[in-house]
Ligand code: ADP
Ligand code: ASP
Ligand code: MG
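Residue numbers (my numbering): 815 to 1268.
Here it is, written out as structure tokens:
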């Protein structure tokens, strides 16, 4: 049994949907297919929700656009006589969407619960269309309702999958008599039964969950590029696809901003040792990238990635020197903030904390509150957040065995007059992360790529 996931751009044109149908015909193995919402629809749903919460009634226009987009797509894909209630299914979802949006506009606020309901409509509608198309072209097709089967729990303000409950649900619901089964991506529910989602980009994770629950022979992530590249091909013209990568490398890369795989996807397939391929729906014959425990050791650096909208906080003062417990207090107050890099110089005079810019105000308030006494006494300086930074990460398992890699990277950056503000290397030595000014991001990324992948 294989699980195939098709992203938003892969379910948005007649050509790619035809490709999906043809890809599914290539094997006799049972297949589960997980699709995202049509491309940009989740953004439009978020836009409509934000408008409604601000009492901006043009949210209704956004709903009309979403409805028309799905109707047109149905007309392009399915002859009228075979549509058989499909447009009514879309209209039913749009009616519900409008009702929730109206409630949001009356309340003048967007709760988390309402947000989840709104963004869930994209996957419900796209998967209904794909399901019908495959019934017509690929024989009898089963359906697994992810919004019932995938159970999430809230951890640190984010939804994560309760894997044991979810796996049991999936094992029970899956009917192997269907050669093909459609299961929508992204959508889920929590233990109380309210709608939730797996986070933006979460359909990859949905597919990994089905693959792990049913011990699939393979997970295929079909997208709009031919695999994982040496850098985001939209940012580096000469980037090229990698044939082989290890789970660990993909985990690091996706955690450090590479959108091609949603980071939580890796763990479930790694745990079950399920090979994962990244493939291109627009060019189904391209080789793509195969992710397993093995890597290609000839290439010490595999890929570069950048993470934008980063803030740096520098905590300094004589009070830090030789005093135990300072770092503990600091991280305690940051328990709600996603800390990306921490670095302390040996002199102990300063600790640098790298976080997402959106968390900066919260972090500054928490730290200055905790150290109010020390600040007033002059032991530590009041912390301020500096924004306008990005992280540039280089990832590769082979870096730990190859000397001089960081030296080459720094020379290349120096030659291009890129100022490095902070360097961090994980003890696993799979990644080296550098904090630089956002304005230098494109130049630095291209300079490093040129140095290592000439
Ligand atoms: P989907 O909608 O199929 O999930 P995404 O847009 O989420 O697709 O992910 C694919 C995109 O990821 C590519 O179009 C590419 O711009 C971006 N990307 C970022 N880093 C990389 C990388 N190292 N290799 C390939 N693609 C990357
Ligand atoms: N539709 C969702 C999003 O755009 C989930 C996904 O595409 O993976 O974030
Ligand atoms: Mg994606």
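C-beta atoms are modelled at their ideal positions from N, C-alpha and C, and glycine is treated no differently. No experiment lies behind these values; they were computed from the predicted model shown.
* **Extent of the continuous beta strand (DSSP E) to which residue 1033 belongs** => Looking at the DSSP string, the run of the beta strand (DSSP E) that includes residue 1033 is 1032-1037.
* To do: Flag this pair as yes or no: are the beta carbons of residue 934 and residue 961 separated by less than 9 Å?
  => A distance below 9 Å separates the beta carbons of residue 934 and residue 961.
* To do: Indicate the three-state DSSP secondary structure (helix, strand or coil) for residue 1163 in the structure shown.
  => Of the three classes helix, strand and coil, the one that applies to residue 1163 here is coil, per DSSP.
* Can you say whether residue 1208 is buried or exposed, counting buried as having 16 or more other CB atoms within 10 angstroms of its CB? => Classification for residue 1208: buried.
* According to the neighbour-count rule (16 or more other Cβ atoms, all chains shown, within 10 Å of its Cβ), is residue 845 buried or exposed? -> Burial of residue 845 is indicated by the presence of at least 16 other C-beta atoms within 10 angstroms of its C-beta.
* Asked: Is residue 1073 near ligand 5, going by C-beta to nearest heavy atom under 8 Å?
  -> What this structure holds is ligand 1, ligand 2 and ligand 3, not ligand 5.
* **Top-ranked residue by Cα proximity to residue 1154, from 1170, 1099, 856** => Answer by Cα proximity: 1170.
* **Backbone CA spacing between residue 1090 and residue 1035 [nearest angstrom]** => Using only the alpha carbons, I get a separation of about 7 Å.
* Asked: When DSSP labels each residue in this structure, what does residue 867 get in the three-state scheme?
  -> In this structure, residue 867 counts as helix in the three-state DSSP scheme.
* Asked: Candidates 1268, 1031, 915: which alpha carbon is nearest residue 817's?
  -> Checked all of 1268, 1031, 915; the closest Cα to residue 817 is 1031.
* **CA nearest to the CA of residue 986, picked from 959, 832, 1227** => Comparing Cα positions, the closest option is 959.
* **Best match in 1057, 1075, 1058 for proximity to residue 1065 [C-alpha to C-alpha]** => Ranking 1057, 1075, 1058 by Cα distance to residue 1065 puts 1075 first.
* To do: Check whether the Cβ of residue 1061 sits closer than 8 Å to any heavy atom of ligand 1, and report yes or no.
  => Checking the 8 Å criterion, the Cβ of residue 1061 is out of range of every heavy atom belonging to ligand 1.
* To do: Helix, strand or coil for residue 1003, going by three-state DSSP, please let me know.
  => For residue 1003, the three-state secondary structure derived from DSSP is strand.
* Asked: With C-beta atoms as the reference, is residue 1177 less than 9 Å away from residue 1159?
  -> Not closer than 9 Å, so no.
* Asked: alpha helix (DSSP H) containing residue 964: first to last residue?
  -> Neither: residue 964 is in no alpha helix (DSSP H) and is coded neither H nor E.
* Give a yes or no on whether the C-beta atoms belonging to residue 1101 and residue 1067 are separated by under 9 Å. => The criterion of a C-beta distance shorter than 9 Å is not satisfied by residue 1101 and residue 1067.
* Answer with buried or exposed for residue 1125, where buried requires no fewer than 16 other C-beta atoms within 10 angstroms of its C-beta. => Its Cβ being crowded by 16 or more others within 10 Å, residue 1125 is buried.
* If you follow the alpha helix (DSSP H) that residue 984 is part of, which residue opens it and which one closes it? -> It spans 977-987 - the alpha helix (DSSP H) in which residue 984 sits, taken as one unbroken run.
* Asked: For residue 815, which three-state DSSP category applies?
  -> In the structure shown, residue 815 sits in coil (DSSP, three-state: anything other than H, G, I, E or B).
* To do: For residue 1000, verify whether its CB is less than 8 Å away from any heavy atom of ligand 2.
  => Yes, ligand 2 has a heavy atom inside 8 Å of this Cβ.
* Below 9 Å between beta carbons: does that hold for residue 1028 and residue 815? -> Less than 9 Å separates the beta-carbon of residue 1028 from that of residue 815.
* State the DSSP-derived secondary structure class of residue 820, mapped to helix, strand or coil. => Here residue 820 sits in strand by DSSP.
* Asked: Helix, strand or coil: which one does DSSP assign to residue 1176?
  -> Helix.
* Of the choices 1248, 1211, 1128, whose alpha-carbon is the least far from that of residue 1228? -> Per the Cα distances, 1248.
* Under the three-state reduction of DSSP, which class applies to residue 1238: helix, strand or coil? -> The three-state reading of DSSP puts residue 1238 in strand, counting E and B together.
* Can you tell me which of the three DSSP states residue 956 falls into? => DSSP places residue 956 in strand when its eight states are reduced to three.
* To do: State yes or no: is the C-beta of residue 1065 nearer than 8 Å to some heavy atom of ligand 1?
  => Incorrect: residue 1065 has no Cβ contact closer than 8 Å to ligand 1.
* Going by other Cβ atoms of all chains shown within 10 Å of its Cβ, with 16 needed for buried, is residue 1084 buried or exposed? -> The residue is buried, with at least 16 neighbouring Cβ atoms inside 10 Å.
* residue 1093 by DSSP, collapsed to three states: which one? -> Three-state DSSP puts residue 1093 in a strand.
* Have a look at the DSSP bridge pairing and note the partners of residue 887. => Answer is none; residue 887 lacks a bridge partner.
* Rounded separation between residue 1041 and residue 1118 - CA only -> The straight-line gap from Cα to Cα measures roughly 14 Å.
* At least 3 beta-carbon pairs within less than 8 Å: the stretch 1250-1263 vs the stretch 1188-1206 -> Contact between the stretch 1250-1263 and the stretch 1188-1206 is present, because at least three Cβ pairs lie under 8 Å.
* CB contact flag (residue 1109, residue 1212, <9 Å) -> For the 9 Å CB-CB criterion, residue 1109 and residue 1212 form a contact.
* For residue 1037, which residues of its own chain have a beta-carbon under 6 Å away from its beta-carbon, when the five flanking residues on both sides are left out? -> Once the five neighbours on either side are set aside, the close Cβ partners of residue 1037 are 821.
* To do: Could you tell me whether the Cβ atoms of residue 1146 and residue 1173 are closer together than 9 Å?
  => Inclusion of residue 1146 and residue 1173 in the CB contact set at 9 Å is not warranted, their separation being larger than that value.
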